[in-house]
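Participant: Going from the sequence shown to my numbering is simple: count from 1 and add 8.
Heads up, the beta-carbon is just placed ideally off N, CA and C, and yes, glycines get one too.
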Amino acid sequence: MIAVLGATGAIGRHVTAELTARGIDHRALSRPAVDLRRPGSLRPALEGTKQLFLLTPHDPDQAELEANAVDAAVAAGVRRIVKLSGGAPAVGPNGPTSTAVAHWQSEQRIERTGLRFAFLRPSFLMQNLATMPRRAGFLPAPMGHGPVAMIDAADVATAAAAVLQDVDGPDRAWHLTGPAGLTFDEVGHALGVRYLNVPPWLAARALRRGGASDFEVDHALRMAAYFASGADGTPTDDVRRLTGRAARSLRQHLAEKDA
Numbered sequence: 009m010i011a012v013l014g015a016t017g018a019i020g021r022h023v024t025a026e027l028t029a030r031g032i033d034h035r036a037l038s039r040p041a042v043d044l045r046r047p048g049s050l051r052p053a054l055e056g057t058k059q060l061f062l063l064t065p066h067d068p069d070q071a072e073l074e075a076n077a078v079d080a081a082v083a084a085g086v087r088r089i090v091k092l093s094g095g096a097p098a099v100g101p102n103g104p105t106s107t108a109v110a111h112w113q114s115e116q117r118i119e120r121t122g123l124r125f126a127f128l129r130p131s132f133l134m135q136n137l138a139t140m141p142r143r144a145g146f147l148p149a150p151m152g153h154g155p156v157a158m159i160d161a162a163d164v165a166t167a168a169a170a171v172l173q174d175v176d177g178p179d180r181a182w183h184l185t186g187p188a189g190l191t192f193d194e195v196g197h198a199l200g201v202r203y204l205n206v207p208p209w210l211a212a213r214a215l216r217r218g219g220a221s222d223f224e225v226d227h228a229l230r231m232a233a234y235f236a237s238g239a240d241g242t243p244t245d246d247v248r249r250l251t252g253r254a255a256r257s258l259r260q261h262l263a264e265k266d267a
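(1) Tell me where the alpha helix (DSSP H) around Q59 begins and ends.
(2) Using beta-carbon positions only, say whether P148 and P208 come within less than 8 Å of one another.
(3) With a threshold of 16 other CB atoms inside 10 Å of the CB of D240, please say whether the residue is buried or exposed.
(4) Could you pull out every unbroken beta strand (DSSP E) segment of at least 3 residues lying fully inside the segment 146-232, listed in chain order?
(5) Classify M231: buried if its beta carbon has 16 or more other beta carbons within 10 angstroms, exposed otherwise.
(6) My guess is that Q113 and V86 are in contact by the Cβ rule of under 8 Å, so how many angstroms apart are they, rounded?
(7) How is the alpha helix (DSSP H) around I89 delimited, first residue to last?
(8) Mind checking E119: buried by the 16 CB within 10 Å criterion, or exposed?
(9) Excluding the 5 residues preceding and the 5 following V42 in the sequence, name in chain order all residues of the same chain whose CB lies nearer than 8 Å to its CB.
(10) Give the straight-line distance between the Cα atoms of G100 and H183, rounded to the nearest whole angstrom.
(11) Does the ligand SAH have even one heavy atom less than 7 Å from the beta-carbon of R39?
(12) Could you work out which residue in L133, V82, A165, R180 is closest to M158 when comparing CA atoms only?
(13) Can you tell me the Cα-Cα spacing of D160 and A36, whole angstroms?
(14) Just to confirm, are S131 and V90 a CB contact at a threshold of 8 Å?
(15) Give me, in chain order, the residues of the same chain whose beta-carbon lies closer than 7 Å to that of P187; leave out the 5 immediate sequence neighbours on both sides.
(16) Measuring only the C-alpha atoms, how far is L44 from P65?
(17) Could you tell me which uninterrupted beta strand (DSSP E) segments, each at least 3 residues in length, are contained entirely in the segment 24-52, listed from first to last along the chain?
(18) I need the DSSP call for A75, collapsed to helix, strand or coil.
(19) On the criterion of 16 or more Cβ atoms from any shown chain inside 10 Å, does A138 qualify as buried, or is it exposed?
(20) Shortest alpha-carbon distance to L123 belongs to which of H153, H111, G103, R88?
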């Protein structure tokens, strides 16, 4: 039995669908029955499961929340944790955002438990493009001109399902990307608009007007600067290695979305 934490989000819902299609027993965990801020709600939800798919939203307390989940998994007798982590080049003690550091801290905590593990480190999700405003034929964003090896969330989910199904797979991290590094100028062309690289202060003002918290604004701008640097612009073959097929290109993603 696999417990899926974060089963209703952009990736989690695809993971549960993939597991269902493969006939793999799983248990979708979601609020209010399971609350990472209430550790007492976690262990009963994990009883009888052998693997935990660990996915949590960005949060100022992410490290603490994931620590609660990891500790509950150990207490419940879970044997393996498959964690959805941050982009591979970002994860570390000096990551570009507090969440990147939190991902690293969680990975370290999981390894120290002695449990089996796999860490999935996806690049920028193509689905994020749908949340970026377009105005009068322009795509304004502070993403610079560096390449980003963006990936479809569905490919992340398929890779996750494959890792979960391969219970004897290696304890390692996987860097999940799309098939090519794309600049936002190229992204704008694919979307039929013109990309406009805007200064961070202007993006911050727009985010605040939209109701974003200080934490969300800081995270968004730091990640934008990280992607603008081209640090996550080199594609890998890990999706193909895990799933047997190439990751979707941006054009394939857009065609499927519009179908």
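Facilitator: In short, the structure shows the following:
(1) Here Q59 belongs to no alpha helix (DSSP H); instead the beta strand (DSSP E) covers 59-62.
(2) no
(3) buried
(4) 146-149, 180-184, 202-205
(5) buried
(6) Incorrect: roughly 19 Å between the Cβ atoms, too far for contact.
(7) I89 -> not in any alpha helix (DSSP H); beta strand (DSSP E) instead, spanning 88-92.
(8) exposed
(9) L13, S49, L50, A53
(10) 14 Å
(11) Of the ligands one can find in the structure shown there are none, so the ligand SAH has no counterpart to examine.
(12) L133
(13) 22 Å
(14) no
(15) P243, A254, A255, S257
(16) 11 Å
(17) 34-37
(18) helix
(19) exposed
(20) R88
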